[in-house]
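**Student:** Here the sequence shown is numbered in this note's numbering, starting from 383 and rising by one per residue.
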Amino acid sequence: MAEDFDDALAEKRAEWASYMRAYTRRNKDAINAERRARRAENREVTLAREKAWRTANREKVLEYKKRDREKRPEDYARWKRDWEKRNIDKVKARKKADYRENKDEINARLKKFRRENPEHYRKQRLDQSQRRRARLAKLPMEDIRIDVLYERDKGVCGICGREVEQKDMSVDHIVPVSFGGAHTYDNVQLAHINCNKARGNRDLSETREVINAFDVPVKG
Ligand SMILES: [Zn+2]
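#1: In angstroms, rounded to a whole number, what distance separates the CA positions of TYR503 and ASN576?
#2: Any residues whose CB sits closer than 5 Å to a heavy atom of ligand 1? List them in chain order?
#3: What whole-angstrom Cβ distance do GLU547 and VAL538 have, given they're in contact under 8 Å?
#4: Do the stretch 526-536 and the stretch 482-499 make contact, defined as three or more Cβ pairs closer than 8 Å?
#5: ASP386 to GLU397, Cα distance in whole Å?
#6: For MET523, I'd like the list of residues in its chain whose CB is within less than 8 Å of its CB, leaving aside the five on either flank, ordered along the chain.
#7: Against chain B, does ARG408 count as a neighbour if the rule is that its beta carbon must be under 8 Å from one of theirs?
#8: On a Cα-Cα basis, can you pick out the residue from GLY582, ASP568, GLN506, SER560 that is closest to ASP550?
#9: One question on the structure: do GLY540 and ALA573 come within less than 8 Å of each other, judged by their Cβ atoms?
#10: Quick check: what's the CA-CA separation for TYR446 versus ALA438?
#11: Let me know if ASN583 comes out buried or exposed under the rule of 16 or more other beta-carbons within 10 Å of its beta-carbon.
#12: What do you reckon, are the CB atoms on VAL443 and ARG436 nearer than 8 Å?
#13: Which partner residues of SER552 appear in the DSSP bridge assignment?
#14: So is VAL473 buried or exposed if we call it buried at 16+ other beta carbons inside 10 Å?
#15: State the start and end residues of the unbroken alpha helix (DSSP H) segment that holds ARG536.
#16: Between which residues of its own chain and GLU501 is the CB-CB distance below 7 Å, once the five residues before and five after are set aside?
#17: Mapping the DSSP letters down to three states, classify GLY602 as helix, strand or coil.
#18: Identify the residues that DSSP records as bridge partners of MET402: which are they?
#19: From the DSSP output, which residues share a beta bridge with HIS565?
#20: Look at the alpha carbon of PRO558 and the alpha carbon of ARG496, and state the distance between them as a whole number of angstroms.
#21: Who are the Cβ neighbours of TYR405 in its own chain at under 7 Å, not counting the five residues just before and after it?
#22: Check the DSSP bridge columns for GLU545 and list the partner residues they point to.
#23: I need the DSSP call for ASN578, collapsed to helix, strand or coil.
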């Protein structure tokens, strides 16, 4: 008798649960709207309750966030970028504090990266100094993108005429910035970092002579 009753109860419960699921599905929008309205009405209370729940269930929250982040990484990246844009002072302060606290570790990491990627830093220094000189000389300046330059010059070095690998790319000013050459697309060409450095402020033909002396094939 008791067993029959338990079975019947379980069956009723399953029926009821299935009915509730269907009902919720059917009225999803209305239910959500009501929930939102209730939440807005008791904003303070709701927020406090939610916060208390989150504090008590830290692990669960972290796990949920992690899963959510894995599901839509680009949303998170965008939110982060937007937040950083709105809170630029906070970002700066945080970076400063972070640096102060982990100075040695950060410096060691930078040093290691620099040692392992010398061409990256050479290129960056070169780009920076060229831009700085152009700015100081108040010359016309465009935002030169090296990938655009690479496409335009078909991956060929304008100084030595050989192919340029991605890691060796640099922006060479045809008329050097120190001689009043602008930092614009019509005054720049793709060049090897080494060719660019070897050239310095020299005239192009003069540079080619130097490079020729080292028996490097030169573009016609
Ligand atoms: Zn070259």
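For every residue, glycine included, the Cβ atom is placed at its ideal position computed from N, Cα and C.
**Tutor:** Short version:
#1: Translated into positions along the sequence shown, residue 503 becomes position 121. Translated into positions along the sequence shown, residue 576 becomes position 194. Distance between the alpha carbons of TYR503 and ASN576 is about 13 Å.
#2: Here the residues come out as CYS539, ILE541, CYS542, HIS574, CYS577.
#3: For this step, residue 547 is matched to residue 165 along the sequence shown. For this step, residue 538 is matched to residue 156 along the sequence shown. The beta-carbon distance between GLU547 and VAL538, rounded to whole angstroms, is 12 Å. This is too long to meet the 8 Å contact definition.
#4: no
#5: By 1-based counting over the sequence shown, the position of residue 386 is 4. By 1-based counting over the sequence shown, the position of residue 397 is 15. Near 16 Å, if we compare the C-alpha coordinates of GLU397 and ASP386.
#6: Within the sequence shown, numbered from 1, the residue matching residue 523 stands at position 141. Contacts found: ARG513, ALA516, ARG517, ALA564, HIS565, THR566.
#7: The chain labelled as chain B is not found in the depicted structure, where only one protein chain is given.
#8: Within the sequence shown, numbered from 1, the residue matching residue 550 stands at position 168. Residue GLN506 is the option with its Cα nearest to ASP550.
#9: On the sequence shown, residue 540 is found 158 positions in, with the first residue counted as 1. On the sequence shown, residue 573 is found 191 positions in, with the first residue counted as 1. Yes, the Cβ-Cβ distance between GLY540 and ALA573 is below 8 Å.
#10: Numbered from its first residue, the sequence shown carries residue 446 at position 64. Numbered from its first residue, the sequence shown carries residue 438 at position 56. Their Cα atoms are separated by approximately 14 Å.
#11: Locating residue 583 in the sequence shown gives position 201, where the first residue counts as 1. Counting Cβ neighbours within 10 Å, ASN583 comes out exposed, since fewer than 16 surround it.
#12: In the sequence shown, counting from the first residue as 1, residue 443 sits at position 61. In the sequence shown, counting from the first residue as 1, residue 436 sits at position 54. For VAL443 and ARG436, yes; Cβs fall inside 8 Å.
#13: Sequence index remark: in the sequence shown, residue 552 carries index 170 (1-based). Answer by DSSP bridge pairing, in chain order: ALA573.
#14: Taking the first residue of the sequence shown as 1, we reach residue 473 at position 91. By the neighbour-count rule (16 or more Cβ atoms within 10 Å), VAL473 is not buried but exposed.
#15: Mapped onto the sequence shown, residue 536 falls at position 154. This sequence places Lys at residue 536; Arg is not what is there. Segment: none, LYS536 is in no alpha helix (DSSP H) and carries neither H nor E.
#16: Position 119 of the sequence shown, counted from the first residue, corresponds to residue 501. Excluding sequence neighbours, GLU501 sits near LYS549, ASP550, ILE575.
#17: Along the sequence shown, one-based indexing puts residue 602 at 220. Bear in mind that a pLDDT of 36 at GLY602, under 50, signals an unreliable position, so the number given afterwards is only what the model happens to contain. Residue state, collapsed to three classes: coil.
#18: Counted from its first residue, the sequence shown places residue 402 at position 20. Note: MET402 sits in no beta bridge, so no partner.
#19: Counting from 1 along the sequence shown, the entry for residue 565 is found at position 183. According to DSSP, HIS565 shares a beta bridge with MET523.
#20: The sequence position of residue 558 within the sequence shown is 176, counting from 1. The sequence position of residue 496 within the sequence shown is 114, counting from 1. Rounded to whole angstroms, PRO558 to ARG496 spans 27 Å at the Cα level.
#21: To locate residue 405, count along the sequence shown from 1; it is residue 23. Nothing listed; no residue qualifies.
#22: As a position in the sequence shown, residue 545 is number 163, starting the count at 1. Looking at the DSSP assignment, GLU545 forms a beta bridge with VAL538.
#23: Taking the sequence shown and counting its residues from 1, the one referred to as residue 578 is at position 196. Here ASN578 sits in helix by DSSP.
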